[in-house]
Structure formats: C-alpha cells, structure tokens
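Q: Encoded as structure tokens, here's the structure I'll be asking about.
Numbering (my numbering), first residue to last: 3 to 132.
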C-alpha cells in the first residue's frame, strides 16, 4: 500500500490511498502496522496542533514496512526565517505562511522520530519558499 496524507484533495496522488490531514489521526490506526511500502506526508504536519502532528508522525512511521520509504514535505521554521531575513521572501509571503501554520516542528525532531521507528534517513533537503 502507498499512503499519501495531504491538506487538500487538489493534491491527491493517483495510485495512493489519499487521506486528508484532518481525518488522518482517526484513519491511521485502521491501517495495519508495517503494511505500507511508502508514506508521504505532504504539508500535513504543520496543519495540526503540535501534539496531534507528533502523534500522526508516529502513527505514519509505524505503518511503514521494513525497507519502506517515508517522504515528508513541510515548512521548516528556521529556513522560513532565514529566507525572510535575507529578503528572499516578502513580509506578505512570510505572514501567509505563518497564518497557515498551526505548529513548526524542527527537522531534527522529525529525524529522531523517524529513526526511532527504524527508518533510515537517506537524504534531507531543506528548501526555502518558492
């Protein structure tokens, strides 16, 4: 099974079980542990309150089978701030990003949770706002 957790139906991926972030905490426990070859979290962690986001990440990681893959695409607060301070994004764009964000989990904290589930981090790429 390939699982995609997203904030919007507009971002659904064909061939994946697409779950809206708002229902993910209720839906993930129904999926068998270690049954997913791939899990994608697409702009979903930052849309939930911090504790819910951490719980969703834990649940998503526990659904990945051995040798499976987790891809996480979301905002990184440090990068966002650097982009703003270096004037690569405007105050309007910065405000909009913060308005749409319920929490900011640092990439190192995400890495620890993923590693705790025995999932190896092959690469980590932090991209600014584009």
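In this text, a Cβ means the ideal position worked out from N, Cα and C, and glycines have one as well.
Just so we're clear, the structure is a prediction, and the values are computed from it rather than from any experiment.
Taking buried to mean at least 16 other C-beta atoms within 10 Å of its own C-beta, is residue 88 buried or exposed?
A: For the purposes of this step, residue 88 is taken as the residue at position 86 of the chain shown. Classified as exposed, residue 88 has fewer than 16 neighbouring CB atoms from the shown chains inside 10 Å of its CB.
Q: So is residue 100 buried or exposed if we call it buried at 16+ other beta carbons inside 10 Å?
A: Stepping through the chain shown from its first residue, residue 100 is reached at position 98. Counting Cβ neighbours within 10 Å, residue 100 comes out exposed, since fewer than 16 surround it.
Q: Going by CA-CA distance only, name the one from 19, 83 and 98 that's closest to residue 40.
A: For the purposes of this step, residue 40 is taken as residue 38 along the chain shown, with counting starting at 1. Checking every option, the nearest Cα to that of residue 40 belongs to 19.
Q: Return the Cβ separation of residue 61 and residue 55 in integer angstroms, given the expectation that the two are a contact with Cβ distance under 8 Å.
A: Position 59 of the chain shown, counted from the start, is the residue given in the question as residue 61. Position 53 of the chain shown, counted from the start, is the residue given in the question as residue 55. Not quite, the Cβ-Cβ distance comes to about 11 Å (not below 8 Å), so this is no contact.
Q: Cα separation between residue 91 and residue 78?
A: As a first step, residue 91 must be located in the chain shown, where it is residue number 89. As a first step, residue 78 must be located in the chain shown, where it is residue number 76. Between residue 91 and residue 78, the C-alpha separation is close to 14 Å.
Q: Alpha helix (DSSP H) containing residue 39: first to last residue?
A: As a working mapping, residue 39 is identified with position 37 in the chain shown. First-last for residue 39: 38–44, but that is the beta strand (DSSP E), not the alpha helix (DSSP H).
Q: With burial defined as no fewer than 16 other Cβ atoms inside 10 Å of the residue's Cβ, what is the status of residue 118: buried or exposed?
A: Working through the chain shown from its first residue, we reach residue 118 at position 116. By the 10 Å Cβ count, residue 118 comes out exposed.
Q: Under the assumption that residue 36 contacts residue 68 (Cβ atoms under 8 Å), give the Cβ distance between them as a whole number of angstroms.
A: Working through the chain shown from its first residue, we reach residue 36 at position 34. Working through the chain shown from its first residue, we reach residue 68 at position 66. Yes, residue 36 and residue 68 are in contact; Cβ-Cβ is about 7 Å, under 8 Å.
Q: From residue 114 to residue 76, what does the alpha carbon distance come to, in whole angstroms?
A: Counting from 1 along the chain shown, the entry for residue 114 is found at position 112. Counting from 1 along the chain shown, the entry for residue 76 is found at position 74. Distance between the alpha carbons of residue 114 and residue 76 is about 16 Å.
Q: Does DSSP put residue 94 in a helix, in a strand, or in coil?
A: In the chain shown, the residue the question calls residue 94 occupies position 92. Note: residue 94 maps to helix in three-state DSSP.
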